[in-house]
Amino acid sequence: MTRFIFITGGVVSSLGKGLASAALGALLQARGYKVRMRKLDPYLNVDPGTMSPYQHGEVYVTDDGAETDLDLGHYERFTGVSTTRGDNVTTGRIYRDIIANERRGDYGGGTVQVVPHVTDAIKAFVLADTEAFDFVLCEIGGTVGDIEGLPFFEAIRQLGNELGRERACFIHLTLVPYIKSAGELKTKPTQHSVKELRGIGIQPDILLCRSDHPIPEGERRKIALFCNVKPSRVIQALDVETIYEVPLTYHAEGFDREVLEGFGLPLAPEPALDRWLNVVERLKRPEGEVKIAIVGKYTGLKDAYKSLQEALVHGGIANNVRVNITWLASEIFEQDHEAILALEDVNAILVPGGFGERGTSGKIAAVQFARERKVPYLGICYGMQMAVIEAARNLAGLKDANSTEIGPTRNPVVGLMTEWVRGNRTELRQEGGDLGGTMRLGAYDAVLSEGSRVAEIYGTRLISERHRHRYEVNPAYRRHLEEHGVLFSGMSPDGILPEVIEIKDHPWFIGVQFHPELKSKPLDPHPLFSSFVAAALTKSRLV
Ligand code: GLN
Numbered sequence: 057m058t059r060f061i062f063i064t065g066g067v068v069s070s071l072g073k074g075l076a077s078a079a080l081g082a083l084l085q086a087r088g089y090k091v092r093m094r095k096l097d098p099y100l101n102v103d104p105g106t107m108s109p110y111q112h113g114e115v116y117v118t119d120d121g122a123e124t125d126l127d128l129g130h131y132e133r134f135t136g137v138s139t140t141r142g143d144n145v146t147t148g149r150i151y152r153d154i155i156a157n158e159r160r161g162d163y164g165g166g167t168v169q170v171v172p173h174v175t176d177a178i179k180a181f182v183l184a185d186t187e188a189f190d191f192v193l194c195e196i197g198g199t200v201g202d203i204e205g206l207p208f209f210e211a212i213r214q215l216g217n218e219l220g221r222e223r224a225c226f227i228h229l230t231l232v233p234y235i236k237s238a239g240e241l242k243t244k245p246t247q248h249s250v251k252e253l254r255g256i257g258i259q260p261d262i263l264l265c266r267s268d269h270p271i272p273e274g275e276r277r278k279i280a281l282f283c284n285v286k287p288s289r290v291i292q293a294l295d296v297e298t299i300y301e302v303p304l305t306y307h308a309e310g311f312d313r314e315v316l317e318g319f320g321l322p323l324a325p326e327p328a329l330d331r332w333l334n335v336v337e338r339l340k341r342p343e344g345e346v347k348i349a350i351v352g353k354y355t356g357l358k359d360a361y362k363s364l365q366e367a368l369v370h371g372g373i374a375n376n377v378r379v380n381i382t383w384l385a386s387e388i389f390e391q392d393h394e395a396i397l398a399l400e401d402v403n404a405i406l407v408p409g410g411f412g413e414r415g416t417s418g419k420i421a422a423v424q425f426a427r428e429r430k431v432p433y434l435g436i437c438y439g440m441q442m443a444v445i446e447a448a449r450n451l452a453g454l455k456d457a458n459s460t461e462i463g464p465t466r467n468p469v470v471g472l473m474t475e476w477v478r479g480n481r482t483e484l485r486q487e488g489g490d491l492g493g494t495m496r497l498g499a500y501d502a503v504l505s506e507g508s509r510v511a512e513i514y515g516t517r518l519i520s521e522r523h524r525h526r527y528e529v530n531p532a533y534r535r536h537l538e539e540h541g542v543l544f545s546g547m548s549p550d551g552i553l554p555e556v557i558e559i560k561d562h563p564w565f566i567g568v569q570f571h572p573e574l575k576s577k578p579l580d581p582h583p584l585f586s587s588f589v590a591a592a593l594t595k596s597r598l599v
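What follows is the structure, encoded as structure tokens:
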């Protein structure tokens, strides 16, 4: 029997609902249950693919090529379960499908309405493909009271009724703020938030209360009384040093126990948490540290590079070192030529994915620094394309080499992809076509060259990684670039699209067209990040 856990949020946004859901998923999994995790996003975009990272943070790409919310990244990192297109939906997508049905005449002359048509579509999404799982954890984006969230709350309210208490559980995440002048924790915002939730017909079963101060027994009882939940089901969620500690602290507070008890499931045996303990131990007591510069465009908002940041932490776990990240906006290298000296101080340089012209010459300057000064370099997607442009200009003598994404050039070493193969289908694109969902997206295989550094790192020659790009390194330049020290060490299986490049005679210089950070996990660090952090560590010992 599949049980459904609905996670809502109140008081303020950014309380870490995604993380809370993911950590609960990990705890249930550590008790031997099979979990699936889903996110319902009330905004109107069909998916976050066309949104700026400043609006929405990172766009997380699934194996099956969906552009999704970054919370799906948390789900995968905590549970190891690969998410799919079926695990994230928005109001935009629900309406798009309903309107398409209406135009086809599927509603047979009926009036199409939010209730029941929109709510039915949301319920169908929540219930689809769930038979193989013990638990489906379903997070609702935004906070209770948001106008655009209403159909989602209504849908889960109906589901609560239809599934019954033994199959549905409502968890509400709130904030219990500490008011300094009064020296007190305040429960009123939580009371109001629950009142709002009950106003739309949902009585939460468990309250997860974020706080930076321990919540005393008396305050917990007060919350329980006013919110109509058992005192043991008011769980405090205190701030922690590392996010990977969250499953452990939740367990210590009895969160998973209360969930199981609510469903009438056995509480024994205890979950197997040794692997999480080990991760936290390594994070809290590393044996050394390295400093890695991320030279990018959206460095003002760390969420824009969420998976990347986490993958570096995982690389640190693998090497038992703390990874200190120096965030540098690539544009600083364009305005101030001395600024590049900031890179003298780091043990490795990473240029992440990106789009558009702004900041690219600064990224190219960072690549040149890494290559010439023999600093370990990892270029991801745009970072690989920048590395190819840099090598073409400064090693292979093509002074005007560029990407057509940046501007017109006689030497398009990176150009728009108009045709590629997915499975047994050929995908076609044109300049000026739709932007949403039309990149080369999701998992594609790549074949690594025998004896290459990258093949050694992966320990295999056939890999599958997730992609999100519209441009590609132009294979027409392969011979010329190889003659000048750029190794094309990974290609698509048909031998057409460059997937990995390396620079010869360099301690560690790799560019990848895909996004390895999307598949790295604390319990299973990605080999490229483990190796990159190891190279940074070696470098740190040299200086
Ligand atoms: N802008 C580049 C492209 O579309 C790189 C994309 C990325 O870094 N994800 O190909």
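The sequence shown begins at 57 in the numbering used here and counts up one residue at a time. Heads up, the beta-carbon is just placed ideally off N, CA and C, and yes, glycines get one too.
heavy atom of the ligand GLN below 6 Å from residue i C-beta
i	result
residue 209	no
residue 485	no
residue 20	Absent from the model: residue 20. The displayed extent of the chain is 57 to 599, so no value can be given.
residue 524	yes
residue 410	yes
residue 433	no
residue 500	no
residue 438	yes
Neighbourhood of residue i by C-beta, 6 Å cutoff - its chain only, sequence neighbours within 5 removed
i	result
residue 74	127 and 130
residue 289	262 and 314
residue 416	462
residue 603	Nothing about residue 603 can be read from this structure; the chain reaches only from 57 to 599.
residue 257	213
residue 98	147, 197, 198, 204, 205 and 208
residue 388	395
Within 7 Å, strictly: CB atoms of residue i and residue j
i	j	result
residue 286	residue 243	no
residue 91	residue 181	no
residue 262	residue 314	yes
residue 600	residue 356	Limits of the chain in this structure are 57 at one end and 599 at the other, which puts residue 600 out of reach.
residue 109	residue 360	yes
residue 367	residue 138	no
residue 93	residue 193	yes
residue 79	residue 354	no
residue 532	residue 519	no
residue 423	residue 441	no
residue 540	residue 451	yes
Same chain, Cβ closer than 8 Å to residue i, neighbours up to 5 away in sequence not counted
i	result
residue 483	475, 476, 477 and 496
residue 331	579
residue 241	232, 233, 234, 235, 267, 269, 271, 272 and 275
residue 184	142
residue 430	562 and 563
residue 494	485 and 526
Reduced DSSP secondary structure (H/G/I, E/B, other) of residue i
i	result
residue 97	strand
residue 545	strand
residue 176	helix
residue 305	helix
residue 570	coil
residue 431	coil
residue 243	coil
residue 560	coil
residue 577	strand
residue 466	coil
residue 226	strand
residue 397	helix
residue 471	strand
residue 527	strand
residue 521	strand
Any non-hydrogen atom of the ligand MG closer than 6 Å to residue i Cβ
i	result
residue 527	Of the ligands one can find in the structure shown, namely the ligand GLN, none is the ligand MG.
Beta-carbon contacts of residue i that lie in its chain and below 7 Å, excluding the five residues immediately before and after
i	result
residue 319	59, 222 and 225
residue 550	477
residue 510	504, 545, 546, 556, 558 and 566
Cβ distance (whole Å) where residue i is taken to contact residue j below 8 Å
i	j	result
residue 342	residue 372	7 Å
residue 386	residue 352	6 Å
residue 568	residue 436	6 Å
residue 545	residue 558	5 Å
residue 377	residue 346	6 Å
residue 148	residue 100	5 Å
residue 522	residue 498	6 Å
residue 303	residue 339	The pair is not a contact, with the Cβ atoms about 13 Å apart (cut-off 8 Å).
residue 589	residue 336	In fact, because the Cβ distance is near 18 Å, the residues do not count as touching under 8 Å.
residue 370	residue 585	6 Å
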